[in-house]
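Notes follow the structure.
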Amino acid sequence: MSFALAGVDLAYGKGAKALQDVGLAARQGEQIALVGPSGAGKTTLLSLLGSALVPTAGEAIILGRRAAGLAAGELRHLRSRIGTVHQAPPIPGRQRVVTAVLAGRLGRWPLWKSLASLLYPLDVAGVRAVLERLDLTDKLFERCDRLSGGQLQRVGVARVLYQEPELILADEPVSALDPALATATVRLLCAEARARGATLVASLHAVDLALASFARIVGVKGGRVAFDLPVAEVSEAHLHELYACEGEILPTLAGERPADLRAEATEEARRAACC
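When you line the sequence shown up against the working numbering, it's residues 183 to 457, in that order.
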């Protein structure tokens, strides 16, 4: 099991709950898309899965560990097994792309190697290979503050691919990319996760991209899981109910879901029923 949440609540201070009675689990290697309106709790859910937050009620087991109560060293080790792609990557502007990507493995390196890497990049060839998959090879030694928003997002993706974590969490990883590049980047994330048996959970505002790329779709609304379905079972009624709030454009099912994903979703459902 990659993670398991049961009856999870999360509140900031004495304010309203950001997550309410969330139950969600994934086997190692599953790929899940989170969809839902802005402010639904998707980013908070990803932060909890990444052990940056702990529940105020309920139980959260991530990669076999309960993050709540872990000693500092144990928590660092758990986080080194998790890779997060942020919508706005927290990368210093003066940092070179090669160093930003190498930072993906800092949690697994000894202190001396981490410090040495800041002065002299230790695996330029490895970083170049990852950047090539994202069409960023020419930016290897570019400063990050000279990149466009879309290029910086792809550097964030490259850092997680270089890290090779067991659990990949992607929070709106392609929001600054054009549709063609967004599709290619999400497909790359899915392919890399599948090749290494890593679990992938991605929050996407582009519902059509989520439906075209993931076998399992989880709708989030008001801090709760509204539905958790194989992609073949997601209907326009599900989406309309999910997005039926003021100011939201109601998505539609523009086309057929790819046959391979429909088959994958059917197989996922069959295995879940057997477990």
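Positions of the beta carbon are idealized from the N, C-alpha and C atoms, including for glycine.
From a predicted model like this one, the values you see are computed outputs, not experimental measurements.
Is residue j closer than 7 Å to residue i when the C-beta atoms are compared?
{"i": "A375", "j": "L382", "result": "yes"}
{"i": "F323", "j": "V280", "result": "yes"}
{"i": "S200", "j": "E241", "result": "Looking at the sequence itself, residue 200 is Ala, so the reference to Ser does not match. No."}
{"i": "V204", "j": "V400", "result": "no"}
{"i": "A352", "j": "L316", "result": "no"}
{"i": "L349", "j": "S184", "result": "yes"}
{"i": "L359", "j": "V312", "result": "no"}
{"i": "P355", "j": "V389", "result": "no"}
{"i": "P347", "j": "R263", "result": "yes"}
{"i": "Q269", "j": "S330", "result": "no"}
{"i": "G218", "j": "L424", "result": "yes"}
{"i": "S229", "j": "A249", "result": "no"}
{"i": "A239", "j": "A207", "result": "no"}
{"i": "P237", "j": "L192", "result": "yes"}
{"i": "L363", "j": "P271", "result": "no"}
{"i": "A215", "j": "F396", "result": "yes"}
{"i": "G286", "j": "C326", "result": "no"}
Spell out the partners DSSP gives residue i in its beta bridges.
{"i": "Q213", "result": "L382"}
{"i": "E241", "result": "A188"}
{"i": "V413", "result": "In the DSSP output, where bridge partners are listed per residue, V413 has none listed."}
{"i": "K199", "result": "A193"}
{"i": "V407", "result": "V402"}
{"i": "L206", "result": "L187"}
The beta strand (DSSP E) that contains residue i, what's its start and end?
{"i": "V190", "result": "F185 to A193"}
{"i": "R325", "result": "Where R325 is concerned, there is no enclosing beta strand (DSSP E), given that its DSSP letter is neither H nor E."}
{"i": "G401", "result": "R398 to K403"}
{"i": "D360", "result": "From DSSP, D360 is part of no beta strand (DSSP E); its letter is neither H nor E."}
{"i": "L435", "result": "Element bounds for L435: n/a, residue is neither H nor E."}
{"i": "A352", "result": "L349 to D353"}
Here's the rule: buried if 16 or more other CB atoms are within 10 angstroms of the residue's CB, otherwise exposed. What is residue i?
{"i": "L227", "result": "buried"}
{"i": "Q210", "result": "exposed"}
{"i": "R378", "result": "exposed"}
{"i": "E428", "result": "The predicted position of E428 is uncertain, since its pLDDT is 48 and thus under 50; no value can be drawn from it."}
{"i": "P412", "result": "buried"}
{"i": "S417", "result": "exposed"}
{"i": "E314", "result": "exposed"}
{"i": "G458", "result": "Missing from the structure shown is residue 458; the chain here goes from 183 to 457 and no further."}
{"i": "L371", "result": "buried"}
{"i": "L301", "result": "exposed"}
{"i": "Y194", "result": "exposed"}
{"i": "A419", "result": "exposed"}
Let's see if you can read the secondary structure: which residues bound the alpha helix (DSSP H) around residue i?
{"i": "T225", "result": "K224 to L231"}
{"i": "E418", "result": "E418 to Y425"}
{"i": "G331", "result": "G331 to Q345"}
{"i": "A388", "result": "Looking at the DSSP string, A388 is not in any alpha helix (DSSP H), and its letter there is neither H nor E."}
{"i": "L316", "result": "Segment: none, L316 is in no alpha helix (DSSP H) and carries neither H nor E."}
For chain B, is any of its Cβ atoms less than 7 Å away from the one on residue i?
{"i": "G401", "result": "Chain labels in this structure do not include chain B; a single protein chain is all it has."}
Within the region 246 to 297, ranges of the alpha helix (DSSP H) (whole runs, at least 4 residues):
If we require 4 residues or more, the alpha helix (DSSP H) runs fully inside the region 246 to 297 come out as 254 to 262 and 279 to 284.
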